[in-house]
Amino acid sequence: MKIGLRKNSQWRDVWHRLKKNRMAMFGLAVLILLVLLAIFADFIAPYGVDEQNYSEMLQSPSLRHPMGTDNFGRDIMSRIIYGTRISLLIGFISLLISAVVGSILGACAGYFSGISDTIIMRGADILMAIPRTVLAIAIATTLGPGLVNAMIAVAIGTIPSFARVVRASTLTVKDQEYVEAARAIGASNTHIIAKYIFPNVLAPIIVQATLGVATAILLAASLSFLGIGIEPPTPEWGSMLSAARSYIRDYWYMVTFPGLAIMVTVLALNLFGDGLRDALDPKLKK
Amino acid sequence: MAQNESGALLSVRNLTIHYFTDSGVVQAVNGISFDVQQGETLGLVGETGAGKTTTALGLMQLVPDPPGKIVEGTITFNGRDLTKLDKKELRSYRGREASMIFQDPMTALNPVTTVGEQIAEVVKIHKKVSHAEALKEAAHMLETVGIPAERLGDYPHQFSGGMKQRVVIAIALACNPHLIIADEPTTALDVTIQAQVLELMKKLQQEYKTAMIMITHDLGVVAEVCDKVAIMYAGRIVESGPIEEIYENTKHPYTKGLFDSLPSLNTKVKRLRPIHGLMPDPTDLPPGCPFAPRCPHCTDACSTHMPEPVEVAPGHQVCCVLYEKSADAVQ
Numbered sequence: 000m001k002i003g004l005r006k007n008s009q010w011r012d013v014w015h016r017l018k019k020n021r022m023a024m025f026g027l028a029v030l031i032l033l034v035l036l037a038i039f040a041d042f043i044a045p046y047g048v049d050e051q052n053y054s055e056m057l058q059s060p061s062l063r064h065p066m067g068t069d070n071f072g073r074d075i076m077s078r079i080i081y082g083t084r085i086s087l088l089i090g091f092i093s094l095l096i097s098a099v100v101g102s103i104l105g106a107c108a109g110y111f112s113g114i115s116d117t118i119i120m121r122g123a124d125i126l127m128a129i130p131r132t133v134l135a136i137a138i139a140t141t142l143g144p145g146l147v148n149a150m151i152a153v154a155i156g157t158i159p160s161f162a163r164v165v166r167a168s169t170l171t172v173k174d175q176e177y178v179e180a181a182r183a184i185g186a187s188n189t190h191i192i193a194k195y196i197f198p199n200v201l202a203p204i205i206v207q208a209t210l211g212v213a214t215a216i217l218l219a220a221s222l223s224f225l226g227i228g229i230e231p232p233t234p235e236w237g238s239m240l241s242a243a244r245s246y247i248r249d250y251w252y253m254v255t256f257p258g259l260a261i262m263v264t265v266l267a268l269n270l271f272g273d274g275l276r277d278a279l280d281p282k283l284k285k
Numbered sequence: 000m001a002q003n004e005s006g007a008l009l010s011v012r013n014l015t016i017h018y019f020t021d022s023g024v025v026q027a028v029n030g031i032s033f034d035v036q037q038g039e040t041l042g043l044v045g046e047t048g049a050g051k052t053t054t055a056l057g058l059m060q061l062v063p064d065p066p067g068k069i070v071e072g073t074i075t076f077n078g079r080d081l082t083k084l085d086k087k088e089l090r091s092y093r094g095r096e097a098s099m100i101f102q103d104p105m106t107a108l109n110p111v112t113t114v115g116e117q118i119a120e121v122v123k124i125h126k127k128v129s130h131a132e133a134l135k136e137a138a139h140m141l142e143t144v145g146i147p148a149e150r151l152g153d154y155p156h157q158f159s160g161g162m163k164q165r166v167v168i169a170i171a172l173a174c175n176p177h178l179i180i181a182d183e184p185t186t187a188l189d190v191t192i193q194a195q196v197l198e199l200m201k202k203l204q205q206e207y208k209t210a211m212i213m214i215t216h217d218l219g220v221v222a223e224v225c226d227k228v229a230i231m232y233a234g235r236i237v238e239s240g241p242i243e244e245i246y247e248n249t250k251h252p253y254t255k256g257l258f259d260s261l262p263s264l265n266t267k268v269k270r271l272r273p274i275h276g277l278m279p280d281p282t283d284l285p286p287g288c289p290f291a292p293r294c295p296h297c298t299d300a301c302s303t304h305m306p307e308p309v310e311v312a313p314g315h316q317v318c319c320v321l322y323e324k325s326a327d328a329v330q
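Taken in order, these protein sequences are the chains called A and B.
Residue 25 in numbering that gives the first Met the number 0 is what sits at position 26 of the first sequence, and the numbering runs on without skipping anything.
Residue 115 in numbering that gives the first Met the number 0 is what sits at position 116 of the second sequence, and the numbering runs on without skipping anything.
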């Protein structure tokens, strides 16, 4: 007797649908490239991240320095490549924090309803009443600059939107007969949330997450730009922009390339996220 | 009313379940009493809204609260009053001692988990076994309900309706419970599959010596699988008894009405005789017999007082004014 577990068949369907979406695939390709850049930055970057060369300060893009050099003679392209690490790290980790916390809170609010729902969702409403950037600035200023603090500042602002999405999906899932059936076989609430609610609300969580990484990266860059996120000399794109801002009149490439890097990353994430949402939406199934 | 006979697996006494909603109190189940013996099948028959599903949920202690509440009554299962069990005891009761088969197999299975995992889950919740052992047990259960074990790793959407209901049955039987509550298990299936599923349930029930409560509005289904029948109307049991008694010696006007609305192969009739009118609004039940407004034999007494159950034959009880004074005043 052969018991073959054909797992993840619905993910295979999603992958098939996703493959047909050219824009999403482009986004995915760019993302993979960025991740590879981040991982192998040490081998790819032509110069060291903090390698200063005062004889080659503020050079325009050339073969030696494809994106030029900055006011300390550092190679901008190398710094951008290293910056991918920081930006992706902040984007993914802060998103992971907010996704986990937000999903758990949202699922509890939706599943238990009543008083826990009121407390959690009104808390979320309060956080949402404050513009995300302002909230992140407030938290980042309170915590002080630094990588971890920037992550926390970015994450907290994203928690409410996760909680809302998950709560809404939980409300529809928990009235399904299979949840009642789970109760009828003696499953506990934690078991039901973990095994029945979460897998069934995963699709909206994933979409929210992919789109959320983009905003998280933007937000982190904004914080660094304002000088309350990652501090120089760490090659964060936002702080590079900030540092280059006084040279914008004469040395266009100092601001252009970090800005482009942010834009390409965010665009890729958004394209991929949109495609993923379409692929996961059962209404579009053929 | 019969006393709590010794040996009854389940005995329900005066069970009353109300839903307290904004628009009033829905009196879904109003003081019903019945017994189920070991290995016996009880058919709970009634039209939509008669309180059958609420009764079933009450027996599983799964009435959604709020708004539902068991207002009164006791449910004694194997000598324990279910209404007094705590959460943990209830969890070990559900699935292990009593389990439920749901109406719509299309929605009763978790769409993102393989059927094997879902069957194994019940086993894992109730028995201390490893995942591999639970899966083996699941494979065995699948074979028992007539699905090849290779399909363990398939997802619910890869099964047809009848197959899904078999999986649901496998889940219900996985821990070999004493009681199965089947809430219209065949309503969502087409007729040929209905027969197969009923046959399977009957076979397994005899094999496992499980008691069963079959909730349905289909008197044909009842005739096929049940030993006893209870006819429900507006949250009350209006007539109950052994199956032959109810089918051969129908007493209550509502039960008669139900049989009259069925087409028969033996007698040729031009038109079926439906029961006129609608079930009374459960938030506003009439003070007397709830069936009185639709009853062809309605008397003045019907609308003022609620008749008590009368035993017209051994085990055959009727709740009707017609039989209250003497067992055969009319007929």
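Glycine included, C-beta positions come from ideal geometry on N, C-alpha and C.
From a predicted model like this one, the values you see are computed outputs, not experimental measurements.
- In this structure, His216 of chain B keeps its C-beta atom at 9 Å or more from the C-beta atom of Thr191 of chain B.
- Segment contact: the segment 198-211 of chain B against the segment 239-257 of chain B, fewer than three CB-CB distances shorter than 8 Å; contact not assigned.
- Excluding residues up to 5 positions away in sequence, Thr40, Leu41, Gly42, Met213 and Ile242 lie with their Cβ nearer than 7 Å to the Cβ of Cys225 of chain B in the same chain.
- Using a Cβ-Cβ cut-off of 9 Å, Glu179 of chain A counts as an interface residue toward chain B, since at least one Cβ of chain B sits closer than that to its own.
- Within the segment 124-136 of chain A, no residue has a Cβ lying closer than 7 Å to any Cβ of chain B.
- Contact of Ala183 of chain A with chain B is assigned, a C-beta pair being separated by under 9 Å.
- Ala215 of chain A sits close to Ile89 of chain A, with the two beta carbons spaced by under 9 Å.
- With a cut-off of 8 Å on Cβ pairs, the segment 164-183 of chain A is not in contact with the segment 229-243 of chain A, counting fewer than three such pairs.
- For Leu94 of chain A against Ala208 of chain A, the beta-carbon gap comes to about 6 Å, under 8 Å, which counts as contact.
- Separation of Arg90 of chain B and Ile261 of chain A (C-alpha to C-alpha, rounded to the nearest whole angstrom) is 52 Å.
- Listed along chain A, the residues sitting closer than 8 Å to Asp103 of chain B by beta-carbon distance are Glu176.
- The beta-carbon of Tyr110 of chain A is placed no less than 9 Å from the nearest beta-carbon of chain B.
- Around the beta carbon of Gly23 of chain B, fewer than 16 other beta carbons sit within 10 angstroms, so the residue counts as exposed.
- Note: Asp283 of chain B is not bridge-paired with any residue in the DSSP secondary-structure output.
- Looking at the backbone, the Cα of Glu55 of chain A and that of Ile75 of chain A are separated by about 12 Å.
- By the Cβ-count criterion, Val220 of chain B is buried, with 16 or more other Cβ atoms from all chains shown falling within 10 Å of its own Cβ.
- In this structure Thr20 of chain B touches Pro66 of chain B by the C-beta definition: roughly 5 Å separates them, less than 8 Å.
- Under a criterion of Cβ atoms nearer than 8 Å, the residues of chain B adjacent to Pro198 of chain A are, in order, Asn109, Val111 and Thr112.
- If you draw a straight line from the Cα of Ile103 of chain A to the Cα of Ala162 of chain A, it is about 8 Å long.
- The residue from A:Arg63, A:Ala37, A:Ala44 and A:Thr157 with its alpha-carbon nearest to that of Leu218 of chain A is A:Thr157.
- Around the beta carbon of Val147 of chain A, a 10 Å sphere encloses fewer than 16 other beta carbons of the protein chains shown; the residue is thus reported as exposed.
- Between Ser168 of chain A and chain B, the shortest Cβ-Cβ separation is not below 9 Å.
- Burial is judged here by how many other beta carbons sit within 10 angstroms of a residue's own beta carbon; Tyr53 of chain A has fewer than 16 and is exposed.
- Taking C-beta separations shorter than 7 Å and ignoring five residues to either side along the sequence, the partners of Arg276 of chain A in its chain run Val206, following chain order.
- Excluding its 5 nearest sequence neighbours in each direction, Thr54 of chain B has C-beta neighbours in its own chain below 6 Å: Val28, listed in chain order.
- If only complete runs of 4 or more residues are kept, the segment 60-125 of chain B shows the alpha helix (DSSP H) at 86-92 and 114-125, in order along the chain.
- Around Tyr195 of chain A, the beta-carbon contacts reaching into chain B at under 9 Å are Asn109, Val111 and Thr112.
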